[in-house]
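No gaps in the numbering here: position 605 of the sequence shown is 1848 in my numbering, and each next residue is one more.
Take a look at the structure below.
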Amino acid sequence: MNLNVHLALLFSLPFHAFGAIEPTCKPLEKFNLYGIHKDGDVIIGGLFPIHFSVTAPQLANAFLTDRFNFRTFRWLQMMIFTIEEINKDQELLPNITLGYSIYDNCRKVPQAVRTAVTLLNGVDDLFDNDKCTGSPPISAIIGAARSTHSMIIGRIAGLFSIPVVSYSSSCPCLSDKREFPSFFRTIPSDSFQAKAMAQLVKHFGWTWIGSIATQDDYGQYLVQSFNKQVQEYGACLAFTEAIPKINSQQKILKIVDTIKKSTAKVIVLFAGVGDIIALADEIVRHNITDRQWIASETWSTAAMLATKENFGSFGGTIGFAFRKGEIPGFREFLLKVRPSSPPGNGLINRFWEELFGCALNAPDVTSGHTSTNTLSKPVCTGQEDLEKINTIYTDVSQLRVTYNVYKAVYALAHSLHSLLLCENDKGPFADKTCANNLNFEPWQLLHYLKEVKFTNRLGEKVYFDENGDPIASYDIMNWQMDANGSVNILNVGLFDASAALGQELLINEKTISWIGQQKQVPHSVCSESCLPGTRKAAKKEQPICCFDCLQCADGEISNQTDSVQCLKCPIDYWSNQGRDQCVLKEVEFLSFEGTLGIILASVALIGACITICVFAIFLHYRNTPIVRANNMELSFLLLGSLVLCFLCSLFYIGRPSLWSCVLRHTVFGVSFALCISCILGKTIVVLMAFSATLPNNNMMKYFGPLQQTASVLACTILQVIICVIWLITSPPFPTKNTEHQKAKVILECNVGSVAAFCCVLGYIGLLASVSFVLAFLARKLPDNFNEAKFITFSMLIFCAVWITFIPAYISSPGKYTVAVEVFAILSSSFGLIACNFAPKCYVILLRPEENTKKHLMGNKISVIVPSIKVISGYTLWISICVTDRRSDCNCNSAMIYFGLGLYSALHVGKTSQGAGNQVICRTI
1244 MNLNVHLALL
1254 FSLPFHAFGA
1264 IEPTCKPLEK
1274 FNLYGIHKDG
1284 DVIIGGLFPI
1294 HFSVTAPQLA
1304 NAFLTDRFNF
1314 RTFRWLQMMI
1324 FTIEEINKDQ
1334 ELLPNITLGY
1344 SIYDNCRKVP
1354 QAVRTAVTLL
1364 NGVDDLFDND
1374 KCTGSPPISA
1384 IIGAARSTHS
1394 MIIGRIAGLF
1404 SIPVVSYSSS
1414 CPCLSDKREF
1424 PSFFRTIPSD
1434 SFQAKAMAQL
1444 VKHFGWTWIG
1454 SIATQDDYGQ
1464 YLVQSFNKQV
1474 QEYGACLAFT
1484 EAIPKINSQQ
1494 KILKIVDTIK
1504 KSTAKVIVLF
1514 AGVGDIIALA
1524 DEIVRHNITD
1534 RQWIASETWS
1544 TAAMLATKEN
1554 FGSFGGTIGF
1564 AFRKGEIPGF
1574 REFLLKVRPS
1584 SPPGNGLINR
1594 FWEELFGCAL
1604 NAPDVTSGHT
1614 STNTLSKPVC
1624 TGQEDLEKIN
1634 TIYTDVSQLR
1644 VTYNVYKAVY
1654 ALAHSLHSLL
1664 LCENDKGPFA
1674 DKTCANNLNF
1684 EPWQLLHYLK
1694 EVKFTNRLGE
1704 KVYFDENGDP
1714 IASYDIMNWQ
1724 MDANGSVNIL
1734 NVGLFDASAA
1744 LGQELLINEK
1754 TISWIGQQKQ
1764 VPHSVCSESC
1774 LPGTRKAAKK
1784 EQPICCFDCL
1794 QCADGEISNQ
1804 TDSVQCLKCP
1814 IDYWSNQGRD
1824 QCVLKEVEFL
1834 SFEGTLGIIL
1844 ASVALIGACI
1854 TICVFAIFLH
1864 YRNTPIVRAN
1874 NMELSFLLLG
1884 SLVLCFLCSL
1894 FYIGRPSLWS
1904 CVLRHTVFGV
1914 SFALCISCIL
1924 GKTIVVLMAF
1934 SATLPNNNMM
1944 KYFGPLQQTA
1954 SVLACTILQV
1964 IICVIWLITS
1974 PPFPTKNTEH
1984 QKAKVILECN
1994 VGSVAAFCCV
2004 LGYIGLLASV
2014 SFVLAFLARK
2024 LPDNFNEAKF
2034 ITFSMLIFCA
2044 VWITFIPAYI
2054 SSPGKYTVAV
2064 EVFAILSSSF
2074 GLIACNFAPK
2084 CYVILLRPEE
2094 NTKKHLMGNK
2104 ISVIVPSIKV
2114 ISGYTLWISI
2124 CVTDRRSDCN
2134 CNSAMIYFGL
2144 GLYSALHVGK
2154 TSQGAGNQVI
2164 CRTI
């Protein structure tokens, strides 16, 4: 408002507001306005939007209206009814008559400004303003309906402390007492309605919502507040559209197109009834029937929208409405309304003509309603029966805004009553004075209005808080169709802002009828909920409500719907197949109860038993040539070590413990070191025996049975020392391996010192390598039973097993790692006993005829290699001499003749059997 207009308004306001100068009244401008007036001791102004729209022609001071609003006209009638009821009350305001001056401000801001100026100045073209007569100055104002209009009136009235009590303006901005110091209202602020709607959305789990609001203070504030709160609840907005204040078919079609294209099934609409009509018509015309509408209080109970024609698109609408009241005698009062001829009551005549579709004999010339259409209508008698017309005007079942008008008038009446009851020297003003009865100032009435508190005839307490607002409370309404095809607006719940936190919203869901008359709650989400076991992953450039559902990774779970992230399971737990709970990891180790463990343990015991049997056979046949010729002491020591090799594999089976971990590695290292040392000793004996080819070569006397045993023990003790150092510095210990297989806890033995473990294996490998090389060099030494050949094969098997063991060990998972190690131990042990003792046992048990001196001396000479058996005989006898402790065996002579025989065989190609026989010890 510019400065000139502001000053004009100031000078045109009632001069009694200044309380000093006797005014000389001059009208600011004459307006042609619809109104209803009645004189009284105290005049209360009223503003109501009776018409839906206003069309401004070329003449600025003439307004043509269309579409009469019977609902808001009922509001106006409630103000008149309440004032008349108060005037009849002998206890409230006795001897005081209230009057009223009520105007139709339509729904347009220019018209609202004109009615406000007219109301506050008492200027009316129906009275003689030159003599300063006409409508008396008002003491307070009931209205306006729309927040934008109330802001205009509130700013002007607030300058002079004239009380304004609105029955329908809900903008939270009006609670600002610095800007609107004299504004009050009997309906809750929209901040509560936005909160209530957001809680409703949260209650039904809607996360994908469209919002539409009028392009004014009411709609924009409410939609912004609602949008903010639903986003705090985790919901998202699919779209937000604004209904223009100036009717635009193009904009309406754009909104309808947005609704059709959107996947949001729930739409919140903040708008007055008049603003919705054009949009509702287009929605019905486009047959949009799959949207759930959420209504603001301005249209949730609008009977003109809740029709059978609109029900296909708007059926099931759920919304908020002001608490209703049943006013006794009000319907009878409505039916008594009749057109009248006194000037200033043209609004009632307009109502009558619109209701019955006729024209009165003498239309009000001040109404501006003198079109050709009016003149062509039938003539009204003025006696038409209102009861025969079924309109919203006579429907008193949903008195909500109407009830707020009732409370607003009574609030002013009680405030005025308190003002008149004031006693001198007890007053609230300066020097404890009171107001001057009927000549009171508006700011004095304002003081009492702030303090008013009473219980009305319906039992409801009425009072205002420090912001001029009442206690917020809403009914929750639902549009339903009965069996007769009539649309009913039923109460299905309540929102009470004074209730405990979290209990403000009470809804009876069983009584709600949703879109399409369904009983199931509509589903409105951008993306379907992510089930437990998955997490939400936001889509690029999309709201947070639009997401993909990704399954949780191994070892992670989500046990709630729509989890934002997956939770890692504790170290001993793992995610189940559904990824919705953590379960104890499977504990894996090579168990005696498992099939694999039973097999390996059985094989180990069988191997140990076989070895013991071989030991028993050798012990029983210890005096036979083949046993005595095979280094008997080392053979028994080798068999004992092989028993340990078989049995040490049992330490690898079963649940790992500190002792089993220590024993499995140390016993393995020592037993195999002892075993390979025995084989190495036997190999050296063979080579040493065949190397004694020259006369007077007494080398074998330094490598007798005692020396052989001592060398084996020396090699073994070195391994024992390595193991002792290992156990002292960093011994093996049981551990849980959760890295190799995430879903399992593998119980295994940690070797502790890797370097010590490598030394143990390396030492065994060194002994095996030396034995293999020496045996390989001696593999072709001739005899009937060449020991070196079998040692070569045994070492070949041993080395092959442990070389192939390395990649198999690395690639085997879980318990199979230990199984591979056990298999390597068993297979290498079986290889050693098979190659070294199976041929001997075969001869001893199955071919005893070959276990003789004669056979071992080579009675049969090969045609191809005639000297091999002779040399084999010498070899065998040399071995017998080395291992035999009898003093009558001339080993030196035997070795000399062996050397001669070897030379003859290699260079001459022939030898004599008799020559060999001459050096055979007779005692064998």
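Built from N, CA and C at the ideal position, the CB exists for glycine as well.
In this text, all values refer to a predicted model and were calculated from it rather than measured experimentally.
Mind pulling the alpha helix (DSSP H) runs of 4 or more residues that sit fully within the stretch 1482-1565? 1492-1504, 1516-1528 and 1554-1557
Among D1668, K1675 and L1662, which residue has its Cα nearest to the Cα of Q1687? Within the sequence shown, the letter at position 444 stands for residue 1687. The shortest Cα separation from Q1687 among D1668, K1675 and L1662 belongs to L1662.
Do I1293 and L1319 come within 8 angstroms of each other at the CB atom, strictly closer than that value? Along the sequence shown, one-based indexing puts residue 1319 at 76. Along the sequence shown, one-based indexing puts residue 1293 at 50. Cβ distance < 8 angstroms, so L1319 and I1293 count as in contact.
Decide if D1518 is buried, meaning its Cβ has at least 16 other Cβ atoms within 10 Å, or exposed. As a working mapping, residue 1518 is identified with position 275 in the sequence shown. Its Cβ being crowded by 16 or more others within 10 Å, D1518 is buried.
Nearest candidate by alpha-carbon position, reference A1953, set L1917, G1837, E1747 and G2074: The residue you call residue 1953 lines up with position 710 of the sequence shown. Closest by alpha carbon: L1917.
Count the other CB atoms, across all protein chains shown, that sit within 10 Å of the CB of I1264; report buried if there are 16 or more and exposed otherwise. The count along the sequence shown starts at 1 and reaches residue 1264 at position 21. Caution applies to I1264, whose pLDDT of 33 falls short of 50 and renders its modelled position unreliable; the model cannot decide the point.
Output the boundary residues of the alpha helix (DSSP H) element that contains G1401. The count along the sequence shown starts at 1 and reaches residue 1401 at position 158. First-last of the alpha helix (DSSP H) with G1401: S1390 to L1402.
Going by C-alpha to C-alpha distance, which of S1914, F1738, T1676 and I1922 sits closest to S1878? Locating residue 1878 in the sequence shown gives position 635, where the first residue counts as 1. Of the candidates S1914, F1738, T1676 and I1922, the one whose C-alpha sits nearest the C-alpha of S1878 is I1922.
Apart from the five residues on each side of it in sequence, which residues of its chain come closer than 6 angstroms, Cβ to Cβ, to S1903? Taking the sequence shown and counting its residues from 1, one reaches residue 1903 at position 660. So the list reads F1894, once near-sequence residues are dropped.
Give the DSSP bridge partners of P1977, in chain order. Working through the sequence shown from its first residue, we reach residue 1977 at position 734. C1992, per the DSSP bridge assignment.
Can you name the start and end residues of the alpha helix (DSSP H) that I1286 belongs to? To locate residue 1286, count along the sequence shown from 1; it is residue 43. Unbroken run through I1286 is the beta strand (DSSP E), V1285 to F1291; no alpha helix (DSSP H).
V1997, enclosing alpha helix (DSSP H) - first and last residue: For the purposes of this step, residue 1997 is taken as the residue at position 754 of the sequence shown. It spans V1997 to L2020 - the alpha helix (DSSP H) in which V1997 sits, taken as one unbroken run.
Option nearest L1744 by Cα separation, candidates K1438, I1384 and V2063: By 1-based counting over the sequence shown, the position of residue 1744 is 501. Of the listed residues, the one whose Cα sits closest to L1744 is K1438.
State the beta-bridge partners of T1777 as determined by DSSP. Position 534 of the sequence shown, counted from the start, is the residue given in the question as residue 1777. T1777 pairs with Q1794.
Backbone secondary structure at D1373 - three-state DSSP: Looking up residue 1373 in the sequence shown gives position 130. Here the model assigns D1373 a pLDDT of 48, short of 50, so the residue's position is not dependable and the matter cannot be decided.
Select from N1530, I1531, A1523 and R1528 the residue whose C-alpha is nearest the C-alpha of A1545. What you label residue 1545 is simply residue 302 of the sequence shown in a count that begins at 1. The option with the nearest alpha carbon to A1545 is A1523.
Helix, strand or coil: which one does DSSP assign to S1884? Against the sequence shown, residue 1884 aligns to sequence position 641. Reduced to three states, the DSSP call for S1884 is helix.
Who are the Cβ neighbours of S1434 in its own chain at under 7 angstroms, not counting the five residues just before and after it? Translated into the one-based positions of the sequence shown, residue 1434 becomes position 191. Here the set comprises P1415 and S1468.
Within the stretch 1800-1837, ranges of the beta strand (DSSP E) (whole runs, at least 3 residues): 1816-1818, 1825-1827 and 1829-1831
Using the DSSP secondary-structure output, state which residues sit across from L2039 in a beta bridge. Within the sequence shown, residue 2039 is the residue found at index 796, counting from 1. Answer by DSSP bridge pairing: none, since L2039 is not bridged.
Tell me the rounded alpha-carbon separation between L1252 and A1400. For the purposes of this step, residue 1252 is taken as the residue at position 9 of the sequence shown. For the purposes of this step, residue 1400 is taken as the residue at position 157 of the sequence shown. Note that L1252 scores a pLDDT of 44, beneath 50, so its modelled location is shaky and nothing firm can be said.
Need the endpoints of the alpha helix (DSSP H) that F1447 sits in, please. The residue labelled residue 1447 in the question sits at position 204 within the sequence shown. Taken as a continuous stretch (DSSP letters only), F1447 belongs to no alpha helix (DSSP H), as it is neither H nor E.
Reference E2064, options D1674, L2004 and F1324, closest by Cα: In the sequence shown, counting from the first residue as 1, residue 2064 sits at position 821. Answer by Cα proximity: L2004.
Should E1982 be labelled buried (16 or more other beta-carbon atoms within 10 Å of its own) or exposed? As a working note, residue 1982 is residue 739 in the sequence shown. Label assigned to E1982: exposed.
My output table needs one value for A1387: the three-state DSSP class, helix, strand or coil. Mapped onto the sequence shown, residue 1387 falls at position 144. Residue state, collapsed to three classes: coil.
Limits of the unbroken beta strand (DSSP E) element including G1600: Against the sequence shown, residue 1600 aligns to sequence position 357. No beta strand (DSSP E) contains G1600, which DSSP labels as neither H nor E.
Should E2092 go down as buried or exposed, given a rule of 16 or more other Cβ atoms within 10 Å for buried? Sequence index remark: in the sequence shown, residue 2092 carries index 849 (1-based). With fewer than 16 Cβ atoms within 10 Å of its Cβ, E2092 is classed as exposed.
Between the alpha carbons of L1642 and T1754, how many angstroms are there, rounded? Position 399 of the sequence shown, counted from the first residue, corresponds to residue 1642. Position 511 of the sequence shown, counted from the first residue, corresponds to residue 1754. So the alpha carbons of these two residues sit roughly 22 angstroms apart.
Quick one: what's got a C-beta closer than 7 angstroms to C1601's C-beta in the same chain, skipping five residues either side? Indexing the sequence shown from 1 puts residue 1601 at position 358. Same-chain partners within the cutoff: K1620, P1621, V1622 and C1623.
Taking C-alpha atoms, which residue in I1489, F1316, T1854 and G1702 lies nearest to V1644? On the sequence shown, residue 1644 is found 401 positions in, with the first residue counted as 1. Taking only the C-alpha atoms, the option nearest V1644 is F1316.
Start and end residues, alpha helix (DSSP H) containing L1335: Counting from 1 along the sequence shown, the entry for residue 1335 is found at position 92. Neither: L1335 is in no alpha helix (DSSP H) and is coded neither H nor E.
Alpha-carbon to alpha-carbon, S1418 and V1444: As a first step, residue 1444 must be located in the sequence shown, where it is residue number 201. As a first step, residue 1418 must be located in the sequence shown, where it is residue number 175. Whole-angstrom Cα-Cα distance: 26 angstroms.
Nearest CA to the CA of L2039: which residue from E1422, V1695, A2011 and Q1951? Here residue 2039 is taken as the residue at index 796 of the sequence shown, counted from 1. Ranking E1422, V1695, A2011 and Q1951 by Cα distance to L2039 puts A2011 first.
Leaving out five residues on either side along the sequence, give the residues of the same chain with a beta carbon under 7 angstroms from the beta carbon of E1709. What you label residue 1709 is simply residue 466 of the sequence shown in a count that begins at 1. For E1709, where only same-chain residues beyond five positions count, there are no Cβ hits under 7 angstroms.
Inter-stretch contact (C-beta, 8 angstroms, three-pair minimum) for the stretch 1568-1582 and the stretch 1754-1764: no
Residue range of the alpha helix (DSSP H) that includes Y1864: To locate residue 1864, count along the sequence shown from 1; it is residue 621. Note, Y1864: premise wrong, no alpha helix (DSSP H); not H, not E.
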